[in-house]
Amino acid sequence: MAAVLRKLIQGRLPALAGVLCRRSGNEGHLFLNSSGSTLMQPRCGYSSPTESVIVEMDKATGVALLKLNIPPVNSLSLPLLTELAIVLDKLEMDKHCRGLILTSAVPNIFSAGLNLFDMMDKPNEHYSEFWRAVQEIWIKLYGSSLANIAAINGSSPAGGCLLALCSDYRIMANNPHFTIGLNETRLGIVAPFWFKDTLLNTVGKRTTEISLNLGALYSPTEALSLHLVDRLVPETQLLSAATEEMGRWLQVPDHARQITKSMIRKSTLEGLLNQREADIKNFVEFISRDSIQKSLQFYAQSLQKQKQHIHPPSSSCRQQISSVTFARSPWYSLIQRS
Ligand SMILES: CC/C=C\C/C=C\C/C=C\CC/C=C/CC(=O)SCCNC(=O)CCNC(=O)[C@H](O)C(C)(C)COP(=O)(O)OP(=O)(O)OC[C@H]1O[C@@H](n2cnc3c(N)ncnc32)[C@H](O)[C@@H]1OP(=O)(O)O
Numbered sequence: 003m004a005a006v007l008r009k010l011i012q013g014r015l016p017a018l019a020g021v022l023c024r025r026s027g028n029e030g031h032l033f034l035n036s037s038g039s040t041l042m043q044p045r046c047g048y049s050s051p052t053e054s055v056i057v058e059m060d061k062a063t064g065v066a067l068l069k070l071n072i073p074p075v076n077s078l079s080l081p082l083l084t085e086l087a088i089v090l091d092k093l094e095m096d097k098h099c100r101g102l103i104l105t106s107a108v109p110n111i112f113s114a115g116l117n118l119f120d121m122m123d124k125p126n127e128h129y130s131e132f133w134r135a136v137q138e139i140w141i142k143l144y145g146s147s148l149a150n151i152a153a154i155n156g157s158s159p160a161g162g163c164l165l166a167l168c169s170d171y172r173i174m175a176n177n178p179h180f181t182i183g184l185n186e187t188r189l190g191i192v193a194p195f196w197f198k199d200t201l202l203n204t205v206g207k208r209t210t211e212i213s214l215n216l217g218a219l220y221s222p223t224e225a226l227s228l229h230l231v232d233r234l235v236p237e238t239q240l241l242s243a244a245t246e247e248m249g250r251w252l253q254v255p256d257h258a259r260q261i262t263k264s265m266i267r268k269s270t271l272e273g274l275l276n277q278r279e280a281d282i283k284n285f286v287e288f289i290s291r292d293s294i295q296k297s298l299q300f301y302a303q304s305l306q307k308q309k310q311h312i313h314p315p316s317s318s319c320r321q322q323i324s325s326v327t328f329a330r331s332p333w334y335s336l337i338q339r340s
């Protein structure tokens with residue numbers, strides 16, 4: 003496979019030779035070194051010692067089912083991101099693995115996005131390490147050489163939505179209680195340029211403009227209409243639909259699909275790979291501001307207060323979800339106080 007890729011890239015697609023990996027420091031994935039040789043490590047097994055990332059490998063099909071398993075909401079903490087990075091590397095290095103289905107083991111939640119507490123009241127060194135780990139996961143997932151399908155079986159705000167956006171295809175459970183979107187502005191923070199680019203590549207400029215500025219969270223039906231997700235299925239059929247869809251992706255020879263994916267995603271990946279350190283510096287400077295810390299604190303408190311004051315949404319009325327989501331915004335807290 004490495005030989006085929008080398009030949010194709012050196013012989014027929016010289017422009018692709020030497021892309022991406024020189025600055026990435028990532029082994030495997032779609033990154034090739036300047037001589038066109040792959041940077042994959044020797045094959046090895048994989049398992050997650052703490053079971054916060056469950057991997058079920060179907061040896062017959064070469065498809066790995068990866069379930070995030072950090073109750074209550076699969077928030078992406080530094081330990082989870084670190085563990086996920088190790089698992090992704092191992093899958094990428096496994097010569098038998100061709101496809102990855104990403105889902106959640108936590109009922110009703112795909113992922114609540116970045117762990118708020120990793121961005122609050124911490125020293126700058128922690129923010130820096132945390133942001134590097136977030137970047138790493140995006141680079142590994144968005145640049146993965148595996149066919150990657152997200153089986154979105156619950157709510158998926160912010161960083162959770164980003165995880166799904168990294169996939170090649172998104173199938174969501176058609177449950178009106180679930181929401182998905184990049185809601186960062188509602189927390190008083192800003193989605194970084196590479197979150198924005200990933201959304202832009204998926205849904206186009208106008209939808210990105212509206213979604214990001216408003217911090218919009220969408221129901222599955224709305225997400226489908228915006229092409230934020232590709233397909234809706236009843237919850238009970240989600241994994242079988244993802245497996246069936248994976249079959250379609252695996253019918254294409256790996257090298258052809260991988261090079262095609264690399265061509266399409268290369269410039270977006272380079273956008274971050276070319277300025278990782280500057281992006282980390284920017285994040286640390288931004289997140290450590292007093293005003294941003296206050297916004298995050300309001301937001302985290304409002305999440306906890308919701309528990310005390312608002313019953314969890316039990317009816318099928320989507321309006322209720324929207325108002326709960328809005329009520330969690332720090333700005334709403336401020337309006338309420340004034
Ligand atoms: C000039 C500047 C230019 C550029 C900027 C530079 C850099 C960029 C800067 C910053 C960008 C940072 C990017 C961040 C992206 C993110 O991902 S931020 C996280 C956003 N996440 C959310 O908004 C989701 C919040 N959670 C929810 O909406 C709900 O919890 C959810 C719908 C997921 C589930 O609802 P429900 O089942 O009712 O559960 P609860 O709400 O009751 O929650 C259960 C407990 O979990 C805690 N929790 C929820 N979300 C998080 C989280 N993200 N992190 C940590 N903890 C979380 C919640 O508080 C409850 O805790 P408790 O049991 O009360 O202790």
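Going from the sequence shown to our numbering is simple: count from 1 and add 2.
Note that the Cβ used here is the ideal one computed from N, Cα and C, for glycine as well.
Pair within 8 Å by beta-carbon distance, residue i and residue j
{"i": "Pro236", "j": "Asn185", "result": "no"}
{"i": "Leu234", "j": "Leu226", "result": "yes"}
{"i": "Arg134", "j": "Ala152", "result": "no"}
{"i": "Thr210", "j": "His229", "result": "no"}
{"i": "Leu165", "j": "Ser221", "result": "no"}
{"i": "Ile1", "j": "Leu275", "result": "With the chain running from 3 to 340 in the structure shown, residue 1 is simply not present."}
{"i": "Leu82", "j": "Leu148", "result": "no"}
{"i": "Thr200", "j": "Thr262", "result": "no"}
Rounded distance between the beta-carbons of residue j and residue i, thought under 8 Å
{"i": "Val136", "j": "Met174", "result": "In fact, because the Cβ distance is near 23 Å, the residues do not count as touching under 8 Å."}
{"i": "Cys168", "j": "Asn150", "result": "7 Å"}
{"i": "Asn117", "j": "Leu70", "result": "Contact flag wrong, Cβ pair sits at about 12 Å."}
{"i": "Gly2", "j": "Ser297", "result": "A question about residue 2 goes unanswered here, because the residues of the chain that appear run from 3 up to 340."}
{"i": "Val55", "j": "Val89", "result": "5 Å"}
{"i": "Met248", "j": "Gly101", "result": "5 Å"}
Alpha-carbon spacing of residue i relative to residue j, whole angstroms
{"i": "Leu241", "j": "Ala87", "result": "23 Å"}
{"i": "Ile182", "j": "Ala160", "result": "8 Å"}
{"i": "Ser157", "j": "Pro74", "result": "12 Å"}
{"i": "Arg188", "j": "Gln253", "result": "41 Å"}
{"i": "Gln277", "j": "Thr238", "result": "42 Å"}
{"i": "Met122", "j": "Ile282", "result": "16 Å"}
{"i": "Lys207", "j": "Leu68", "result": "31 Å"}
{"i": "Thr52", "j": "Thr84", "result": "12 Å"}
{"i": "Cys99", "j": "Ser213", "result": "35 Å"}
{"i": "Asn215", "j": "Phe195", "result": "13 Å"}
{"i": "Met95", "j": "Lys268", "result": "20 Å"}
{"i": "Asn284", "j": "Ser290", "result": "10 Å"}
{"i": "Ala244", "j": "Ile103", "result": "7 Å"}
{"i": "Phe132", "j": "Val286", "result": "10 Å"}
{"i": "Val65", "j": "Met59", "result": "6 Å"}
{"i": "Trp251", "j": "Ile294", "result": "42 Å"}
{"i": "Glu127", "j": "Thr63", "result": "42 Å"}
{"i": "Ala302", "j": "Lys124", "result": "15 Å"}
{"i": "Asp120", "j": "Tyr129", "result": "7 Å"}
{"i": "Lys307", "j": "Phe300", "result": "10 Å"}
Opposing strand residues paired with residue i [DSSP bridges]
{"i": "Arg233", "result": "Ile173"}
{"i": "Glu2", "result": "Absent from the structure is residue 2, since the part of the chain shown begins at 3 and ends at 340."}
{"i": "Ile103", "result": "Leu67, Ile151"}
{"i": "Leu78", "result": "Leu116"}
{"i": "Ile111", "result": "Ser157"}
{"i": "Tyr220", "result": "Ile182"}
Counting only runs of 4+ residues fully inside the region 146 to 215, write out the alpha helix (DSSP H) ranges in chain order.
If we require 4 residues or more, the alpha helix (DSSP H) runs fully inside the region 146 to 215 come out as 161 to 167, 195 to 205.
Ignoring anything shorter than 4 residues or poking outside the region 116 to 145, list the alpha helix (DSSP H) runs there in chain order.
126 to 144
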